[in-house]
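First residue of the sequence shown: 24, per the numbering used here; consecutive thereafter.
Report on the following structure.
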Amino acid sequence: MRTIKSYKTLTIFFLFLIGVVNYLDRSALSIANTTIQKDLAISPMQMGVMLSAFSVAYAFSQLPLGALIDKLGSKLALGGSLVVWSVAQAAFGLFSSYGHLVGLRVLLGIGEAPVFPSAAKALSEWFDTQERGTATGWVWSSTCIGPCLAPPLLTVFMVHLGWRGMFILTGIMGLLLAVCWFKFYKSKAEYMAETGRAEPVAVQQQKAPKVRWTSLFKDRNTWGAFLGFMGVIYMIWLNLTWLPGYFEREHGLDLYRTAWVVSLAYLFGALGTIVAGKCCDRLVARGMRVLASRKLMVILGLLGGALFTLIVAFTTNVVACVILLCLTMFFINISSATAWMIVNTIVPSERVASFGSIQNFGGYLAGSIAPILTGFSVQQSGSFSTAFVISAVVAVCSAFAYFALLKEPSEPLTRLDGAPVAA
């Protein structure tokens, strides 16, 4: 029988791997963009629709799926998510009809939507509040390691297997990971029940207080997280979609050097998530309230990201821009990881996924706007300076939303039976 410590380690390991595969799969179409257009005679506009189909489906799936995750539990929800998106990914390599391919991108978005709310729920079950920061930091580093690995790894797959083989292989990888998840992962409640340390899972779920989903929308913290996360994802998606184009257009770097620079920036982003987790846990260990530690780090991350982005807007030296954008990625990913620590700090475990999905919905609404607004700005001004200034302003506004709206819960949430339950 594994110990609790080994299951905690296994949880972090699985969630990290799932996050990496998640970002490999969502990046595959960008890597194969030009090849698919030529092979299937797809216009740039049609490809744009296909690319955006994922993010739109991902964003609008958040609210309904959050409540479903809380009902099913992280094991079933995340395992099912893996199966659905991996099937969609593999099937993409088997079809040629444009309509079918767009539909599969929509299915990929729906399938991937439960991943991070489910991960936050799993961490809230297995880790105590004072150690949750470090665990979250390691898991969320996958959101940077995945994009860092995607260009070289997927390019190798495509060169040897073709774009269809690349999609099929990455889909199979996800399905194998799903098998491992179902076989080896257990929720903490399952583990405690099997070892005789707690009542059976079904009994615990029956006795657990049921917080109303609608009560989350009456809580100012929900709106603080919703509006605050908009700035986080806006900045992340600006860099995710336009960073290579920025270095090619503004500094004349070739594709090879651009790939190395972007990978370096994502490594700094991964470092930011890990630093965020450790700093939050250390602040709590020194006596700071849990929510206050998260609030401090998420605001510092947004303001740091805004500052360095603003400096980039008026910097022409390529080496300085590389350094500044690495620092931007470092700070904005401090905010990204900390935002998910907030999720499992201010609501009961039974509503972590619902709260996280509301936050993610707000973030990806802004994330869907960022690439379009950046492209429009570059087209009108001829440079990225205005786009970077807009991004910095959005980040500062989001930092203010966290500062003004995120408070220690003054009123308890409401159970289904009408009785209060402390958050």
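A virtual CB, placed ideally from N, CA and C, is assigned to each residue, including glycine.
When the beta-carbon positions are compared, F252 and Q382 come within less than 8 Å of each other. Rounded to the nearest angstrom, the gap between the Cα atoms of P394 and K28 is 42 Å. Nearest neighbour of G324 by Cα position, chosen from K144, T178, T361, turns out to be T361. Per DSSP, the unbroken alpha helix (DSSP H) holding L396 starts and ends at 375-404. A check of alpha carbon separations from Y425 across F180, N45, L250, T281 identifies L250 as the nearest.
Within the same chain, and ignoring the five residues on either side of W161 in sequence, the residues whose Cβ sits closer than 7 Å to its Cβ are I35, F39, I297, G300. Short of 7 Å from the beta carbon of V44, and not among the five residues preceding or following it, lie these beta carbons of its own chain, in chain order: M196, G197, L200.
Two segments are said to touch when three or more pairs of C-beta atoms, one from each, lie closer than 8 Å; by this definition the region 396-405 does not touch the region 102-122.
Taking a C-beta distance under 8 Å as the contact criterion, I54 and P170 do not qualify as a contact pair.
Around the beta carbon of N262, 16 or more other beta carbons sit within 10 angstroms, so the residue counts as buried. A direct Cα-Cα distance of roughly 7 Å separates I59 from W186. A distance below 6 Å between beta-carbons, with the five flanking residues on each side excluded, links S164 to the following residues of its chain, in chain order: A293, T296, I297. For F411, the CB contacts under 6 Å within the same chain, skipping 5 residues up- and downstream, are T332, V335, A336 in chain order.
For the 8 Å CB-CB criterion, L47 and T193 form a contact. A straight line joining the alpha-carbon of G42 with that of L124 spans about 23 Å. Exposed is the label assigned to F207, since fewer than 16 other Cβ atoms lie within 10 Å of its Cβ. For G197, the three-state secondary structure derived from DSSP is helix.
In the structure shown, the three-state DSSP call for T58 is helix. Around the CB of G385, 16 or more other CB atoms lie within 10 Å, so the residue is classed as buried. Per DSSP, the continuous alpha helix (DSSP H) segment holding N244 begins and ends at 243-274.
One Cα belongs to M258, the other to G328, and the distance between them is close to 8 Å. Of the residues M181, I133, A143, W149, the one whose Cα lies closest to the Cα of V375 is A143. The continuous alpha helix (DSSP H) containing L326 extends over residues 313-336.
Pairing L287 with C349, the inter-Cα distance amounts to about 7 Å.
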